[in-house]
Amino acid sequence: MKKTLALLLAAVMMLALLTACGGGDKPADTTGGGQQQTQEPAGTPEPAPEAPAEAGTIGVCIYQFTDAFMTTYRNALQEILEGKGYKVSTADGANDQAKQNEQINTFITQGVDALIINPVMTSAADQIIATVQAAGIPTVLINREPTPEQMAVYDKLVYVGCDARQSGTMQGELILDTPNKGDINGDGKISYIMVQGDPENVDAQYRTEYSVKALTDAGMEVEELNLTRGDWMRERGQEIVANDLAQFADQIEVVFCNNDDMAIGALQSIQAADRKVNEDIYLVGVDALDAALNEVKNGNMTGTVLNDAVGQATAAVEQMELLLGGKTYASGEQSVYVDYVKVTPDNVDDFMG
Ligand code: BGC
């Protein structure tokens, strides 16, 4: 009897000790540590076997379901969350901030446990943050990065994305790695057109700036023949490049597209104009969409840059779970970055499914 009591007491003490070490409801690491961490691109997520059937309800707001990259991202998020036993509701902002605001309010009224939000407009971040803060909902912002100052007002908020400067630089490097460093006609300068995403988005701003900066940093002379916003859409890429080819013809040596979907559109116009990528014109994108990987593989795109949707979705869910566990973020430490990776014909097979 005495022995049983002693055993019972030991078990209770052990449990108390474990709880004090963070196993219970004690807030997890509150030291920040979120500052521009770089996470390794992750592989295909494995559903956690020990996850409870109903881990909680998560509202996911996407700026626009028709966006090719965000479709891959959304599917990855859904798969990871459901694999962990969460109930997931996704909302299509249809590129309309007012509509997305309503969706956020609806999720809050429905009592979701956490939100993952891809804002329609970065400029609306203040309003979005004020809304989730007033409701006290742990929130992960994705893909469209607000400023550190905007995020600093709410400590249950974190951003997961990539540093777009890196992708721009890699696009420039893809051109520098070609046999003539992008100067196909040998006149001493790289003449390019830029097909830009939505310029309100920092990804579009930085990719535009840093792709060209990589060239000038390498001592190359550059000439911008045209810069046109294509809002991330394939049809716009096609239209813009068709117009530019009609106007500038052989002068164009390089076509920079801020994303792959526009690059695929650009390729249609390049082929329609009887130009041949990697022979008389270069073409680069960002994202590593399946369609772009195929074109890199068969030589119709010079290269692309992996924008790791699965890695970002994995990191977003990880951060969400930290928030649900009680983590708070110090100001200036609210961005978590996943690395971009350069994709060329040499390594494209590593990225193909
Ligand atoms: C992607 C684009 C996408 C955009 C949406 C960017 O990071 O490269 O393909 O359209 O995000 O915000």
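In my numbering, the protein residues as written are 5 to 357. Glycine included, C-beta positions come from ideal geometry on N, C-alpha and C.
Could you confirm whether any beta carbon from chain D is found closer than 9 Å to the beta carbon of residue i?
i: Val300; result: Given the protein chain composition of this structure (a single chain), no chain D is represented.
Pop quiz: residue i and residue j are said to be a contact at Cβ under 8 Å. What is the actual Cβ separation, rounded to whole angstroms?
i: Val288; j: Ile188; result: Not a contact, Cβ separation roughly 14 Å.
i: Val64; j: Thr94; result: 4 Å
i: Ala168; j: Val206; result: 6 Å
i: Gln255; j: Gly234; result: Going by Cβ atoms, the distance from Gln255 to Gly234 rounds to 20 Å, so no, they are not a contact pair.
i: Glu138; j: Leu328; result: It should be pointed out that residue 138 corresponds to Ala in this sequence rather than to Glu. At roughly 19 Å, the Cβ-Cβ gap does not stay under 8 Å, so Ala138 and Leu328 are not in contact.
i: Phe73; j: Ala313; result: 7 Å
i: Ile120; j: Val136; result: About 11 Å separates the two Cβ atoms, so there is no contact after all.
i: Ser195; j: Glu257; result: 5 Å
i: Asn399; j: Asn105; result: Nothing about residue 399 can be reported from this structure: the residues present for the chain run from 5 to 357 only.
i: Ile62; j: Val92; result: 5 Å
Hey, would you say the C-beta of residue i is under 8 Å away from at least one heavy atom of ligand 1?
i: Asp294; result: no
i: Met74; result: yes
i: Asn262; result: yes
i: Val3; result: The question about residue 3 has no answer, for the chain in this structure spans 5 to 357.
i: Val290; result: yes
i: Gly201; result: yes
i: Asp96; result: no
i: Asp167; result: no
i: Tyr341; result: no
i: Arg78; result: no
i: Asn99; result: no
On the DSSP bridge list, what partners appear for residue i?
i: Met155; result: None, per the DSSP bridge assignment.
i: Ser339; result: Tyr163
i: Ala118; result: Ile62
i: Leu287; result: Val259
i: Leu178; result: Per DSSP, none; premise fails for Leu178.
i: Ile197; result: Asn230 and Val259
i: Val347; result: Thr308
i: Val281; result: Ile285
i: Asp367; result: This structure cannot settle anything about residue 367, because the visible part of the chain is limited to 5 through 357.
i: Thr143; result: Leu119 and Leu161
i: Glu225; result: Lys193
So for residue i, helix, strand or coil by DSSP?
i: Lys185; result: coil
i: Asp29; result: Summary for Asp29: the model assigns pLDDT 30, below 50, so the residue's position carries little reliability; its value from the coordinates is reported in the next sentence. Here Asp29 sits in coil by DSSP.
i: Leu328; result: helix
i: Lys91; result: strand
i: Gly269; result: helix
i: Val314; result: helix
i: Leu81; result: helix
i: Leu293; result: coil
i: Glu204; result: coil
i: Glu149; result: coil
i: Val352; result: helix
i: Val216; result: helix
i: Asn302; result: coil
How would you label residue i, buried or exposed, when you count the other beta carbons within 10 angstroms and need 16 or more for buried?
i: Glu337; result: buried
i: Gly140; result: exposed
i: Met356; result: exposed
i: Glu283; result: exposed
i: Gln114; result: exposed
i: Ala134; result: exposed
i: Ser335; result: exposed
i: Gln107; result: buried
i: Gly192; result: exposed
i: Lys30; result: Residue confidence for Lys30 is low, a pLDDT of 28 falling below 50, so the modelled location carries little weight and cannot support an answer.
i: Asp353; result: exposed
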